[in-house]
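Novice: So the protein lines, in turn, are chains E and S.
When we follow our numbering, the leftmost residue of the first sequence carries the number 1, and every step to the right adds one.
When we follow our numbering, the leftmost residue of the second sequence carries the number 1001, and every step to the right adds one.
Glycine included, C-beta positions come from ideal geometry on N, C-alpha and C.
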Amino acid sequence: ETGVTQSPTHLIKTRGQQVTLRCSSQSGHNTVSWYQQALGQGPQFIFQYYREEENGRGNFPPRFSGLQFPNYSSELNVNALELDDSALYLCASSFGTGQIGSGANVLTFGAGSRLTVL
Amino acid sequence: QKEVEQNSGPLSVPEGAIASLNCTYSDRGSQSFFWYRQYSGKSPELIMSIYSNGDKEDGRFTAQLNKASQYVSLLIRDSQPSDSATYLCAVNSLNNAGNMLTFGGGTRLMVKP
């Protein structure tokens, strides 16, 4: 059984650029959530994908977008990067049914992608 | 007011002691509660989940939930230096984003040999 893998592990961008982060979910999981964790803070929910559709979104602007593919892997795209986007981006997979309240239990996190915006 | 609050610490306990970590939450509709451990530079790792009032024990860990007081805690018995980490409290909110987990800011635990 493979865990959640994320790439790249570290990257540096400049303000205004765009970034794509990738995530492969754990075997048997069909739901992917993305979280942003700034230094010294807890993770903040960005959005969740189930069956290739966004299934919930936190308080993040539209320049944060995502995709989920038929194999349940996922991408997080951030456009027009700002300095405050510097953070650890965590992907978490789980098994859900798409119903409210499912898919958020027993999250398995990847190691994260650390983004620095200069 | 933050939705999930934790004392940031650090909480320092001697090896072998009981560490008590606390968390309060604001959403009365919350139904699922989780404790994650995060070592420095690593991703969060689930250590306990609790869904109903009372205590739930798993090895050296005990989670306690009191929905009336909107309070959840984690006790670590016989604390070891390897328990030194940040402990994140997370709550499943069913309000606006459906399936999101809301995390507290974490409590840093230091277990001294």
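1. Which residues, taken in chain order from the region 1040-1058 of chain S, show a beta carbon closer than 8 Å to some beta carbon of chain E?
2. Below 6 Å CB to CB, which residues in the same chain sit around residue 19 (chain E) once its five sequence neighbours on both sides are set aside?
3. Could you tell me whether the region 1043-1050 of chain S touches the region 107-114 of chain E, using the rule of 3 or more Cβ pairs below 8 Å?
4. Please identify the residue among E:93, E:91, E:82, E:114 whose C-alpha is closest to the C-alpha of residue 15 (chain E).
5. Does residue 43 (chain E) pass the burial test, meaning 16 or more other C-beta atoms within 10 Å, or should it be called exposed?
6. Quick one: which chain E residues come within Cβ less than 9 Å of residue 1103 (chain S)?
7. Is residue 1013 (chain S) near the ligand MG, in the sense that its beta carbon is under 7 Å from a heavy atom of that ligand?
8. Can you tell me where the beta strand (DSSP E) holding residue 44 (chain E) begins and where it ends?
9. Whether or not the region 1018-1034 of chain S and the region 1066-1084 of chain S are in contact is what I'm after, with contact meaning three or more pairs of Cβ atoms, one per stretch, closer than 8 Å; do they touch?
10. In angstroms with no decimal places, state the Cα-to-Cα distance between residue 50 (chain E) and residue 60 (chain E).
11. Output the boundary residues of the beta strand (DSSP E) element that contains residue 10 (chain E).
Specialist: A quick look at the data gives this:
1. Only those residues of the region 1040-1058 of chain S whose C-beta falls short of 8 Å from the nearest C-beta of chain E are listed: 1042, 1043, 1044, 1045, 1046, 1049.
2. Within the first sequence, residue 19 (chain E) is the residue found at index 19, counting from 1. Excluding positions up to five away in sequence, the list reads 13, 78.
3. Because the criterion of three Cβ pairs below 8 Å is met, the region 1043-1050 of chain S and the region 107-114 of chain E touch.
4. Along the first sequence, read from residue 1 onward, the residue named residue 15 (chain E) stands at position 15. Nearest option by C-alpha distance: E:82.
5. Taking the first residue of the first sequence as 1, we reach residue 43 (chain E) at position 43. Per the 10 Å Cβ criterion, buried.
6. Along the second sequence, one-based indexing puts residue 1103 (chain S) at 103. Those within 9 Å of residue 1103 (chain S) in chain E are 35, 37, 41, 42, 43, 44, 45.
7. The model depicted lacks the ligand MG and carries no ligand whatsoever.
8. The residue labelled residue 44 (chain E) in the question sits at position 44 within the first sequence. Residues 44-50.
9. Yes: the two stretches touch, three or more of their Cβ pairs being nearer than 8 Å.
10. In the first sequence, the residue the question calls residue 50 (chain E) occupies position 50. In the first sequence, the residue the question calls residue 60 (chain E) occupies position 60. Distance between the alpha carbons of residue 50 (chain E) and residue 60 (chain E) is about 18 Å.
11. What you label residue 10 (chain E) is simply residue 10 of the first sequence in a count that begins at 1. Unbroken beta strand (DSSP E) run through residue 10 (chain E): 10-13.
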